[in-house]
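Trainee: Shown below is the structure under consideration.
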Amino acid sequence: MPKIRYIEHNGKEHEVEVPLGWSVMEGAVKNLIPGIDADCGGACACATCHVFVDPAFEARIPPKSDMEETMLDFAPETAANSRLSCQIKVTAELDGLVVRMPHSQH
Amino acid sequence: MNIAVKGNLEEARDAAYALPLDQINPAQGILFQTDTMWPYFERLRKEDPVHYTADSEFGPYWSITKYNDIMAVDTNHQVFSSDFTYGGITIGGGQANFEPLPMFIAMDPPRHDIQRKVVTPVVSPANLEYLGPIIRERAGKILDSLPIGEPFDWVDKVSIELTTMTLATLFDFPFEDRRKLTYWSDVVTAVPGHGLIDTFEQKMEVFQEYHAYFTELWNQRVNSTETKGDLISMLAHNPATRNMAPREYFGNVVLLTVGGNDTTRNTITGSVLALNQNPDQYQKLRDHPELIPSMVSETIRWQTPLAHMRRTAVQDFEFRGKQIKKGDKVVMWYVSGNRDDEVIERPNDYIVDRENPRRHISFGFGIHRCVGNRLAELQLQIIWEEIFKRFPVIEQVAEPKRTYSTFVKGYEHFHVVIPKRN
Chain F
7 MPKIRYIEHN GKEHEVEVPL GWSVMEGAVK NLIPGIDADC GGACACATCH
57 VFVDPAFEAR IPPKSDMEET MLDFAPETAA NSRLSCQIKV TAELDGLVVR
107 MPHSQH
Chain X
398 MNIAVKGNLE EARDAAYALP LDQINPAQGI LFQTDTMWPY FERLRKEDPV
448 HYTADSEFGP YWSITKYNDI MAVDTNHQVF SSDFTYGGIT IGGGQANFEP
498 LPMFIAMDPP RHDIQRKVVT PVVSPANLEY LGPIIRERAG KILDSLPIGE
548 PFDWVDKVSI ELTTMTLATL FDFPFEDRRK LTYWSDVVTA VPGHGLIDTF
598 EQKMEVFQEY HAYFTELWNQ RVNSTETKGD LISMLAHNPA TRNMAPREYF
648 GNVVLLTVGG NDTTRNTITG SVLALNQNPD QYQKLRDHPE LIPSMVSETI
698 RWQTPLAHMR RTAVQDFEFR GKQIKKGDKV VMWYVSGNRD DEVIERPNDY
748 IVDRENPRRH ISFGFGIHRC VGNRLAELQL QIIWEEIFKR FPVIEQVAEP
798 KRTYSTFVKG YEHFHVVIPK RN
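Line by line, the protein sequences give chains F and X. Mapped onto the working numbering, the consecutive letters of the first sequence carry residue numbers 7 to 112. Mapped onto the working numbering, the consecutive letters of the second sequence carry residue numbers 398 to 819.
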């Protein structure tokens, strides 16, 4: 199973194995990793699973949908590598993925 | 007219199930005022989750009653428009005597997106960190001033006071005049003939005073060279909004006043009511105050301070086997979605340590999702932390008086007593 490293805003790291087909959001929530709220349950309908994707992996993740762009547009403190983690499906290529969590989810 | 403060739920259930399905019309203020709308929604969720009411005081409309269906409509802004020119975001909007004001919640992209982004910084993480200690100090003062052993109205003394102070700070509104904000907000959502105002003409008169006051504030701020972080300055100085028509500025002021006011107010009142109705949960919370954030989310679900949001279909659309026509009014009943047992386990129970307390639909989803959600949660969290420092219990002494409205699900009065301090 691909390994994903989640880094909280305070620097605390959590490395877990996440099954193929799960979303990066599910990998955090189901492993009780704090920092991702996912209020809408993965429907790309809020922006409370916002993460910063390590630039080394950006190209291996399919581009954002219009809805993801829009929801991120309303989130505070975003950057070019901001993504909604519910929209990133875990694939073999993402083994070793590193994502950083924002200060808080809005 | 004598109206029971709380209707008999069993009788309401019998009535709701006796009606022919096509005559069910949940959009009646009286059902909300007597807290008897529940069985109508329960029946619709089971028998006709996407339901057409042909005739109501608001004309024909669709009811969307299940959680996932509401989510589907809320996130499909291409088909289901919020635009004020179609009637905006409430079931009453667009009727002969109620022309909705332009405001960003009642707009579609791109205009919505541009204006929303202008005001978003007021609830940024940094600003919430700044506001937290201010809210805490005020909450402490409010609670310290409450009478002990003597009944009082929690709505007036606590819920209104705290939320109006916060709102005054967001607007940088003259503090001594802050209760004007409460009054104006209540007039905006009041149904004429049910308490606060008698006629639409009267409502318009109050609007003029409200508009004039805020025009004065705009004029002061627009000419100021000092860049301030309040909402009016943000609107007056941002290139995207500084040339707004006066009516559009006023519309956005109304949105920010109502959005930042009675939603949080009614949830604060709702938290005291819910804990009184569920003494085991109150005890659990006292024993585990670390559950406060979870209790806050659970209360926001349980209360659902805005019962619905409305959209207008801009094209024919088949939805769950029903033919929604272009121009149809579509009402997403958040109050019903939050009681949908397909998504929320034991939805009628109030559980302060629920497994997924943030899984509720009270803030809406998609591009119009509540912008002030974190500030609302912060105020509720702080007031409860400060309550537990002071009072072992706040006791309900009477059934609250609920608001006559299908939109604002709230309380006009709620009498409680605090028997003693810690």
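Glycine residues also receive a C-beta, built at the ideal position from the N, C-alpha and C atoms.
So does the segment 758 to 770 of chain X actually touch the segment 687 to 704 of chain X, counting three or more Cβ pairs closer than 8 Å?
Mentor: Verdict: yes, contact present.
Trainee: Would you list, in chain order, the members of the segment 49 to 63 of chain F that have their beta-carbon closer than 9 Å to a beta-carbon of chain X?
Mentor: A49, C50, A51, C52, A53 and T54
Trainee: Can you find the residues in the same chain that come closer than 6 Å, C-beta to C-beta, to M398(X), ignoring five residues on each side of it along the sequence?
Mentor: At M398(X) the pLDDT is 39, less than 50, meaning the model places this residue with poor confidence; the figure from the coordinates comes in the next sentence. Hits under 6 Å: none found.
Trainee: In angstroms with no decimal places, state the Cα-to-Cα distance between L369(X) and L672(X).
Mentor: Because chain X spans 398 through 819 in this model, residue 369(X) falls outside it and cannot be assessed.
Trainee: Are the CB atoms of T638(X) and Q475(X) within a distance shorter than 8 Å?
Mentor: no
Trainee: Of the residues H109(F), P108(F), A81(F) and C92(F), which one's Cα is nearest the Cα of G764(X)?
Mentor: Here residue 764(X) turns out to be Ile, not Gly, going by the sequence shown. Answer by Cα proximity: A81(F).
Trainee: At a Cβ threshold of 8 Å, is T76(F) touching chain X?
Mentor: yes
Trainee: Bridge partners for M706(X) per DSSP, in chain order?
Mentor: M729(X)
Trainee: Going along the chain, which residues of its own chain have a beta-carbon closer than 8 Å to the beta-carbon of V732(X), five neighbours each way excluded?
Mentor: Same-chain partners within the cutoff: M434, F438, T701, A704, H705 and K806.
Trainee: Cutting at 6 Å between CB atoms, please list the residues of its own chain near R755(X), excluding the five before and the five after it.
Mentor: S694
Trainee: Whose C-alpha, out of M631(X), I467(X), D750(X) and L682(X), is nearest the C-alpha of V728(X)?
Mentor: I467(X)
Trainee: Can you give me the C-alpha to C-alpha distance between F788(X) and I532(X), rounded to a whole angstrom?
Mentor: 18 Å
Trainee: By a C-beta neighbour count over all protein chains shown, 10 Å radius and 16 as the cutoff for buried, is L26(F) buried or exposed?
Mentor: exposed
Trainee: For S110(F) and L777(X), I'd like the C-alpha separation in whole angstroms.
Mentor: 18 Å
Trainee: Report the rounded CA-to-CA distance for Y646(X) versus Y458(X), giving the unit in angstroms.
Mentor: CA-to-CA, the gap between Y646(X) and Y458(X) works out to about 30 Å.
Trainee: Going by the beta-carbon positions, is the gap between L826(X) and Q793(X) smaller than 8 Å?
Mentor: Any property of residue 826(X) remains undetermined from this structure, which presents chain X solely from 398 to 819.
Trainee: Determine the direct distance from the alpha carbon of Y808(X) to that of T579(X), and round the result to whole angstroms.
Mentor: 13 Å
Trainee: Spatial neighbours of E83(F) within its chain, please: CB distance less than 6 Å, with the 5 preceding and 5 following residues excluded, ordered by chain position.
Mentor: P108
Trainee: Give me the chain X residues within the contact set of H20(F), using Cβ-Cβ distance strictly less than 9 Å, ordered along the chain.
Mentor: Here the premise fails: no neighbours, minimum Cβ distance about 20 Å.
Trainee: For the beta strand (DSSP E) holding V555(X), just list the boundary residues, first then last.
Mentor: No beta strand (DSSP E) holds V555(X); DSSP gives it neither H nor E.
Trainee: Taking 8 Å as the CB-CB cut-off, is K468(X) touching chain F?
Mentor: Checking the sequence shown, residue 468(X) turns out to be Met, not Lys. Yes, M468(X) counts as interfacial toward chain F.
Trainee: Measuring straight from C-alpha to C-alpha, what distance separates N37(F) and E783(X)?
Mentor: 33 Å
Trainee: If we call anything under 8 Å between Cβ atoms a contact, is I594(X) one with V584(X)?
Mentor: Closer than 8 Å, so yes.
Trainee: Nearest-angstrom Cα distance between V59(F) and R89(F)?
Mentor: 7 Å
Trainee: With a 10 Å radius around its C-beta and 16 neighbouring C-beta atoms as the bar for buried, classify E558(X) as buried or exposed.
Mentor: buried
Trainee: Hey, how far is the Cα of E526(X) from the Cα of M692(X)?
Mentor: 21 Å
Trainee: Taking a contact to mean a Cβ-Cβ separation below 8 Å, would you say V555(X) touches G769(X) in this structure?
Mentor: no
Trainee: Taking the continuous beta strand (DSSP E) assigned at Q720(X), which residues delimit it?
Mentor: K719 to I721
Trainee: Using the Cα positions of P589(X) and G426(X), report the straight-line distance between them to the nearest angstrom.
Mentor: 12 Å
Trainee: By the 10 Å Cβ neighbour count, where 16 or more other Cβ atoms means buried, how is K798(X) classified, buried or exposed?
Mentor: Buried: at least 16 other Cβ atoms inside 10 Å.
Trainee: Could you give the C-beta distance for D445(X) and L418(X), rounded to a whole number, given that I count them as a contact under 8 Å?
Mentor: 6 Å
Trainee: So K9(F) is in the beta strand (DSSP E); what residue range does that whole segment cover?
Mentor: K9 to I13
Trainee: Throw me the rounded Cβ distance for the V470(X) and F477(X) pair, which I believe falls under 8 Å.
Mentor: 5 Å
Trainee: How is the alpha helix (DSSP H) around I764(X) delimited, first residue to last?
Mentor: Neither: I764(X) is in no alpha helix (DSSP H) and is coded neither H nor E.
Trainee: Label I545(X) either buried or exposed according to how many other C-beta atoms from any shown protein chain fall within 10 Å of its C-beta, with 16 as the threshold for buried.
Mentor: exposed
Trainee: Considering only the beta carbon of each residue, do N819(X) and Y747(X) sit closer than 8 Å?
Mentor: no
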